[in-house]
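Participant: Residue numbers (my numbering): 55 to 196.
Here a beta-carbon is modelled for each residue, glycine too, at the ideal position from N, C-alpha and C.
What follows is a structure written as C-alpha cells; I'll ask about it next.
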Amino acid sequence: MASRPTPDPSEDPGGAAARHDPAPPPLVVAASLVALQGLALVGLGVLQLASLTRESFTLGVGVGVFFLAFAVLLLAAARALLRGETWGRGPVLLAQLIQLGLAWTNRQELPLLLTGALVLTAVVAVLGVVHPASVARLARET
Numbered sequence: 055m056a057s058r059p060t061p062d063p064s065e066d067p068g069g070a071a072a073r074h075d076p077a078p079p080p081l082v083v084a085a086s087l088v089a090l091q092g093l094a095l096v097g098l099g100v101l102q103l104a105s106l107t108r109e110s111f112t113l114g115v116g117v118g119v120f121f122l123a124f125a126v127l128l129l130a131a132a133r134a135l136l137r138g139e140t141w142g143r144g145p146v147l148l149a150q151l152i153q154l155g156l157a158w159t160n161r162q163e164l165p166l167l168l169t170g171a172l173v174l175t176a177v178v179a180v181l182g183v184v185h186p187a188s189v190a191r192l193a194r195e196t
C-alpha cells in the first residue's frame, strides 16, 4: 500500500494544504467548547434584549449587544481554530481567562455546578489550544 507523499510547504505559499488537514482532536474539543460558549452568549444576549424595561433600557441594550458581539467573536474564533487560522487562538485564550476570573469572583454566589462547569470548560479549552498537536497545526499557517 503506497503512502501519500508529504506536500512540500514551498509549493503551497498560501498554506491552503495545511488548512485542509483535519484539526487534531484537542483542537476540535477546544473549538467545540468555545462554540458552545458563543451559543450560550447568543442566548444570554437575546434574553437580555427581550427583558428590557424602561428603567434599564440603555444598560440592557448595551449589555445585550455586548453579549451578542462577544458571541460572534467567539464563534468566529472557534471556526478559525478548526480551519487552522492562528488568529483564533488569542481571543479564545483571553475569553477563557476572563471566564476563569468570573468563576472565581462569583464562586460564592453561583451554584457549585455552574461554577464547576465554567472552570472545567475554560481549563479544557485552554489545554486543547496549547496542546502540542494544536500548536503544531496552528503553526503551519504561513
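#1: Can you grab the Cα-Cα spacing for the pair residue 184 / residue 106, in whole Å?
#2: In whole angstroms, give me the CA-to-CA distance for residue 163 and residue 154.
#3: Could you give the C-beta distance for residue 129 and residue 92, rounded to a whole number, given that I count them as a contact under 8 Å?
#4: Who are the Cβ neighbours of residue 142 in its own chain at under 6 Å, not counting the five residues just before and after it?
#5: Using a 10 Å radius around the Cβ and a threshold of 16 neighbouring Cβ atoms, would you call residue 171 buried or exposed?
#6: Using the rule of at least 16 other Cβ atoms within 10 Å of the residue's Cβ for burial, across every protein chain shown, is residue 146 buried or exposed?
#7: If I follow the unbroken alpha helix (DSSP H) through residue 221, where does it start and stop?
#8: Could you tell me the boundaries of the alpha helix (DSSP H) in which residue 169 lies?
#9: Could you tell me which of 77, 112, 127 sits nearest to residue 96, measuring between CA atoms?
#10: Check each candidate in 173, 94, 160 and name the one with the smallest Cα separation from residue 123.
#11: Assign residue 151 to buried or exposed, taking buried as 16 or more other Cβ atoms, counted over all protein chains shown, within 10 Å of its Cβ.
#12: For residue 149, which option in 84, 166, 110 has the closest C-alpha, if you only look at C-alpha atoms?
#13: Give the C-beta separation of residue 157 and residue 169 to the nearest angstrom, bearing in mind that I take them to be a contact with Cβ-Cβ under 8 Å.
#14: Check for me: the alpha helix (DSSP H) holding residue 98 runs from which residue to which?
#15: Under 7 Å: does the beta carbon of residue 150 sit that close to some heavy atom of the ligand MG?
Facilitator: In this structure, then:
#1: Start at 1 with the first residue of the sequence shown, and residue 184 comes out as number 130. Start at 1 with the first residue of the sequence shown, and residue 106 comes out as number 52. Roughly 40 Å separates the two Cα atoms.
#2: For this step, residue 163 is matched to residue 109 along the sequence shown. For this step, residue 154 is matched to residue 100 along the sequence shown. A straight line joining the alpha-carbon of residue 163 with that of residue 154 spans about 15 Å.
#3: As a first step, residue 129 must be located in the sequence shown, where it is residue number 75. As a first step, residue 92 must be located in the sequence shown, where it is residue number 38. That pair is a contact at about 4 Å.
#4: As a first step, residue 142 must be located in the sequence shown, where it is residue number 88. Excluding residues within five positions, the ones whose Cβ falls inside 6 Å are 131, 134, 135.
#5: Start at 1 with the first residue of the sequence shown, and residue 171 comes out as number 117. Exposed is the call here.
#6: For the purposes of this step, residue 146 is identified with residue 92 of the sequence shown, where counting begins at 1. Burial of residue 146 is indicated by the presence of at least 16 other C-beta atoms within 10 angstroms of its C-beta.
#7: One cannot answer for residue 221 here, as it falls past the ends of the chain, which runs 55 to 196.
#8: Mapped onto the sequence shown, residue 169 falls at position 115. Looking at the DSSP string, the run of the alpha helix (DSSP H) that includes residue 169 is 166-184.
#9: Taking the sequence shown and counting its residues from 1, one reaches residue 96 at position 42. Closest by alpha carbon: 127.
#10: Against the sequence shown, residue 123 aligns to sequence position 69. Of the listed residues, the one whose Cα sits closest to residue 123 is 94.
#11: Numbered from 1 along the sequence shown, position 97 holds the residue referred to as residue 151. So residue 151 counts as exposed.
#12: Reading the sequence shown from its first residue, position 95 is the one you call residue 149. Comparing Cα positions, the closest option is 84.
#13: Within the sequence shown, numbered from 1, the residue matching residue 157 stands at position 103. Within the sequence shown, numbered from 1, the residue matching residue 169 stands at position 115. Confirmed, Cβ separation roughly 5 Å.
#14: Residue numbering aside, residue 98 sits at position 44 when the sequence shown is read from its first letter. Run containing residue 98: 79-104, per the alpha helix (DSSP H) assignment.
#15: Among the ligands in the structure shown, none appear at all, so the ligand MG cannot be discussed.
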